[in-house]
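Chains D and L are the protein sequences, given in the same order. Just so we're aligned, residue 1 is where the first sequence starts under the numbering used here, counting upward by one. Just so we're aligned, residue 401 is where the second sequence starts under the numbering used here, counting upward by one. Quick reminder that beta carbons are idealized off the backbone N, C-alpha and C, glycines included. Everything numeric in this text was worked out from a predicted model, so none of it was measured. What follows is a single structure, written as structure tokens, with notes after it.
Protein chains: 2
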Amino acid sequence: MSAGKAVIGQSGGPTAVINRSLVGFIKEAVNHDFDEILGAKHGLAGMLGEDFVDLSNLSESQLYGIGKTPAAALGSVRQKPTDSDIEKLISIFEKQNIRNFFYIGGNDSAETANLVSEGAKNIGYEMKAFHIPKTIDNDLRETDHCPGYGSAARFVAHAFQGDDADNRSLGGIKINVLMGRHAGWLTAASTLGKSAEEDGPHLVYVPEKTFNIDTFLKEVKEVYDALGRCVIAISEGVHNEDGEYFLQTYANQTGSGLAGKTDSHGNIQLSGSGALGDTLTNIVSEYIEGARVRADTFGYLQRSFIADISQVDAEEAERVGQHAVIASKELDSGSVILKRQFSEKYHCDVEVVDLHKVAKHTKDMPEEFLDNTKPYVTNDFFEYAMPLTGGIEPKTQIFV
Amino acid sequence: MSAGKAVIGQSGGPTAVINRSLVGFIKEAVNHDFDEILGAKHGLAGMLGEDFVDLSNLSESQLYGIGKTPAAALGSVRQKPTDSDIEKLISIFEKQNIRNFFYIGGNDSAETANLVSEGAKNIGYEMKAFHIPKTIDNDLRETDHCPGYGSAARFVAHAFQGDDADNRSLGGIKINVLMGRHAGWLTAASTLGKSAEEDGPHLVYVPEKTFNIDTFLKEVKEVYDALGRCVIAISEGVHNEDGEYFLQTYANQTGSGLAGKTDSHGNIQLSGSGALGDTLTNIVSEYIEGARVRADTFGYLQRSFIADISQVDAEEAERVGQHAVIASKELDSGSVILKRQFSEKYHCDVEVVDLHKVAKHTKDMPEEFLDNTKPYVTNDFFEYAMPLTGGIEPKTQIFV
């Protein structure tokens with residue numbers, strides 16, 4: 001039997017290096033005996049609509065250009081397949097003789113690959129199904145870290161270096177809202193550019209810890225009273241002990257109505273809105289009279305900034321894409337992971353684990369990465385995350 | 401008479417390269433016969449409080465570190481001196497034998513230098529007073545452009561490259577709010593990374609043109625209907641024909657109260673708030689049903705991002721700082737400007753003009769830089785601005 005065709009799609013929120021995984025996949029795939037190498041436009045949507053492009057004849061310069069451009073070159077999609085979607089998908093695969101399915105994305109994409117794999121098995125259709133990891137949230141299980149995180153972390157660390165210098169120049173309280181509604185990895189990365197104790201961020205609020213506005217205000221005031229300024233990193237997903245997002249809690253308590261945008265179910269839209277930052281600004285301004293308080297929401301720039309990509313991240317992204325193809329020659333299915341080696345110089349190997357181990361669930365920051373006496377990270381986190389960014393040079397600030 | 405002491409201060413909103421001007425000043429000043437070279441902490445505030453640091457004994461490595469760190473190493477201030485401030489300042493200068501005043505900042509700083517110069521003349525105190533230009537807003541008169549703008553423009557252009565790729569991946573409408581309440585220079589820079597007609601931003605709204613929400617909505621819908629997506633660059637300072645900021649107009653019309661933060665005079669605070677983006681998101685969502693609409697407010701990152709500085713901008717910032725010292729040996733006062741040469745390769749000379757020509761007033765974008773048929777810039781703007789960024793490499797997007 002021939003190897004059949006291969007198809008690849010990209011899914012979920014873009015990253016700065018997701019296309020490097022696509023390029024890694026293509027560069028390796030052309031060396032194998034696939035009948036065709038297809039890219040599906042907008043992931044699952046393109047597969048179900050048979051909207052494919054041929055990826056086997058791209059020039060070196062096209063591959064270079066795609067690889068350095070953030071976000072999904074094939075287009076992305078947010079779609080969890082239904083049972084009938086999977087059924088339809090596999091019938092399309094049968095018709096087209098697609099026997100190799102690759103999906104770049106987060107835990108939902110691993111789950112999609114898993115469903116494809118199971119669905120094919122159920123009807124006895126022989127095919128391979130592989131998940132290639134990406135997410136700036138760094139919340140996938142099994143892998144040491146996720147391609148996409150290192151570049152986002154680098155951007156955030158650099159953003160805080162400049163913003164801390166800005167805050168030193170003019171004083172006051174600065175609140176920066178970071179992406180990651182369930183896990184604090186990216187918010188924690190705000191600390192990676194610090195070179196002195198008095199550098200910001202001074203306070204780091206992640207969703208792994210319960211958020212309490214009164215405690216928050218006291219902590220902010222304490223730093224502000226001591227330094228005349230305070231830089232805060234706060235995750236968009238901070239919530240109370242019941243898991244209710246702070247903006248929701250605040251709206252309920254004050255009867256003020258929801259600031260910002262809600263979706264069709266009335267849930268708060270966290271990304272693409274400045275509501276959390278603006279609300280906290282107002283609350284802090286009332287609590288600490290006379291203080292200059294400002295907020296920025298870093299938004300989509302965190303996942304798509306073209307000019308500050310971690311080279312470590314970009315190379316690893318390419319390697320996981322390449323390895324998925326190699327693994328497909330020996331295994332039926334799996335999720336590619338990065339495994340950190342205990343060596344003097346940072347290095348990760350690529351390996352494959354079962355799809356169900358990565359599918360569905362996500363990974364929070366472990367306890368040893370979070371300080372249990374204050375809203376801050378530990379040195380263990382620093383050592384874990386710094387190599388992924390490609391290294392952050394310290395800044396200098398000597399006069400004020 | 402000895403040259404006396406020299407003092408330098410930094411004022412207003414920081415930029416990514418304002419410290420390169422400080423370094424240029426210091427490197428040149430140490431070659432001259434100043435009795436002392438003083439840095440005033442937080443500009444005028446430090447001068448009035450005699451809070452000085454000695455700048456004459458910094459190591460090469462300290463100067464390098466300061467030069468690559470964004471924002472004001474000496475601290476900044478927003479303070480327009482009163483008559484009595486100027487009187488007090490000059491009496492301090494007399495007491496300390498400070499006979500050389502240098503001030504890095506925008507048009508208000510040029511005005512401060514002018515007031516110092518006039519005040520000293522009035523009482524017959526011999527001293528020099530020079531203004532060194534900086535501002536990301538690029539709104540100073542006389543100079544071809546302002547140090548600080550090139551780096552901010554580079555950041556904005558790169559941010560739009562990534563964000564446009566992100567928007568292509570998932571579709572929908574993306575609104576990005578840019579700094580510059582009176583002039584559209586930075587908003588216009590959003591176009592500099594475009595390599596194809598269909599790249600975003602598709603619509604560019606600057607304060608030089610009157611903003612009308614109904615026209616805006618029609619223009620957005622037209623692009624969205626044609627492309628299935630739309631990326632918008634909009635200045636925080638868009639306003640109606642009476643100069644009233646859009647958020648204010650909207651609050652008045654809808655009786656909804658002001659979204660976002662107001663200052664003690666009840667005026668809208670434009671920076672450090674996501675209110676404009678969020679309000680536009682809600683209005684667009686209502687107008688174009690079913691569309692995915694998101695907004696980001698780029699905020700302080702535009703003026704302080706450490707990892708994407710224009711080398712052209714950084715070198716020019718150093719040169720204007722250096723030239724202020726050189727000019728002070730021949731002239732009594734002035735503002736350093738950049739003058740573009742008509743040469744094949746981009747080059748600016750440094751010159752000096754009278755302080756009053758730069759003080760107080762600002763410079764809007766000229767008509768020839770703005771398209772008069774649609775909300776967009778002209779090729780003339782592109783040719784003007786691109787060299788200042790150090791060049792923006794095109795991105796690649798070939799599948800969707």
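- Sorting D:Asp-354, D:Ile-26, D:Pro-387, D:Asn-252 by C-alpha distance to the C-alpha of Ser-310 of chain D places D:Pro-387 at the top.
- Cβ proximity to chain D below 7 angstroms picks out nothing from the stretch 591–607 of chain L.
- The three-state reading of DSSP puts Lys-774 of chain L in coil, since its state is none of H, G, I, E or B.
- Beyond the five residues adjoining it in sequence on each side, Gly-699 of chain L comes within less than 6 angstroms, by CB distance, of no other residue in the same chain.
- Residues of the same chain with a CB within less than 7 angstroms of the CB of Val-712 of chain L, apart from the 5 flanking positions on each side, are Gly-550, Pro-787, Leu-788, Gly-790 in chain order.
- Judged by DSSP in its simplified three-state form, Ile-8 of chain D adopts strand.
- Taking a beta-carbon distance threshold of 8 angstroms, Val-453 of chain L counts as an interface residue toward chain D.
- Residue-level contact check: Gly-643 of chain L does not touch chain D, since none of the beta carbons of chain D fall below 8 angstroms from its beta carbon.
- When C-beta atoms of the stretch 736–744 of chain L are compared with those of the stretch 536–549 of chain L, three or more pairs fall below 8 angstroms, so the two segments count as touching.
- Shown here for Leu-217 of chain D: same chain residues with a beta carbon closer than 6 angstroms to its own, the five before and five after excluded, namely Tyr-287 in chain order.
- Of all C-beta pairs linking the stretch 316–335 of chain D to the stretch 185–192 of chain D, fewer than three are shorter than 8 angstroms, placing the two stretches out of contact.
- Per the coordinates, the alpha-carbon of Asp-708 of chain L lies some 20 angstroms from the alpha-carbon of Gly-424 of chain L.
- For Ile-486 of chain L, the uninterrupted alpha helix (DSSP H) segment begins and ends at 483–496.
- Counting only residues of its own chain and dropping the five nearest sequence neighbours on each side, Glu-94 of chain D has a CB closer than 7 angstroms to the CB of Tyr-125.
- When DSSP states are grouped into helix, strand and coil, His-239 of chain D belongs to the strand group.
- In its chain, beyond the 5 residues on either side, Ser-402, Ala-403 have a beta carbon closer than 8 angstroms to the beta carbon of Asp-433 of chain L.
- Contact annotation: the stretch 233–246 of chain D touches the stretch 205–212 of chain D, with at least three C-beta pairs closer than 8 angstroms.
- Proximity of chain L to Gln-62 of chain D at the Cβ level (cut-off 8 angstroms) is accounted for by Thr-796, Ile-798, in chain order.
- Contact check between the stretch 114–134 of chain D and the stretch 668–686 of chain L: fewer than three CB pairs, one atom from each, fall below 8 angstroms, which does not count as touching.
- Secondary structure of Asp-696 of chain L (DSSP, three-state): strand.
- An exposed status is given to His-747 of chain L, since fewer than 16 other beta-carbon atoms sit within 10 Å of its beta-carbon.
- Each of L:Gly-655, L:Leu-422, L:Asp-485 was checked against the Cα of Gln-462 of chain L, and the nearest Cα belongs to L:Leu-422.
- By the criterion of a C-beta distance shorter than 6 angstroms, Ala-314 of chain D is surrounded in its chain by Val-17, Arg-20, once the five residues flanking it on both sides are discounted.
- DSSP places Glu-351 of chain D within a strand segment (E or B) once states are collapsed to three.
- The beta-carbon of Asp-108 of chain D is placed no less than 8 angstroms from the nearest beta-carbon of chain L.
- When DSSP reads this structure, Asn-500 of chain L sits in a beta bridge with L:Ala-406, L:Lys-528.
- Taking C-beta separations shorter than 7 angstroms and ignoring five residues to either side along the sequence, the partners of Met-765 of chain L in its chain run Ala-583, Gly-584, Trp-585, Ala-588, Val-606, Glu-608, following chain order.
- For Lys-5 of chain D, not one C-beta of chain L is nearer than 8 angstroms to its own C-beta.
- Residue environment for Gln-653 of chain L: exposed (fewer than 16 other C-beta atoms within 10 angstroms of its C-beta).
- Contacts between Ile-706 of chain L and chain D, judged by CB atoms closer than 7 angstroms, involve His-158, Gln-161, Gly-162, Lys-395 in chain order.
- Within the stretch 464–480 of chain L, those residues whose Cβ lies closer than 9 angstroms to any Cβ of chain D are, in chain order, Tyr-464, Gly-465, Ile-466, Gly-467, Lys-468, Thr-469, Pro-470, Ala-471, Ala-472, Ala-473, Leu-474, Gly-475, Ser-476, Val-477, Arg-478.
- Sixteen is the threshold: when 16 or more other Cβ atoms of the shown chains lie within 10 Å of the Cβ of Lys-41 of chain D, as they do, the residue is buried.
- Going by C-alpha positions, Leu-270 of chain D is about 11 angstroms away from Ala-695 of chain L.
- The straight-line gap separating the alpha-carbon atoms of Glu-768 of chain L and Asn-640 of chain L is approximately 21 angstroms.
- If you look at Ile-613 of chain L, you'll find it in the alpha helix (DSSP H) that goes 613–627.
- The stretch 373–388 of chain D makes no contact with the stretch 459–476 of chain L, as fewer than three CB pairs between them are under 8 angstroms.
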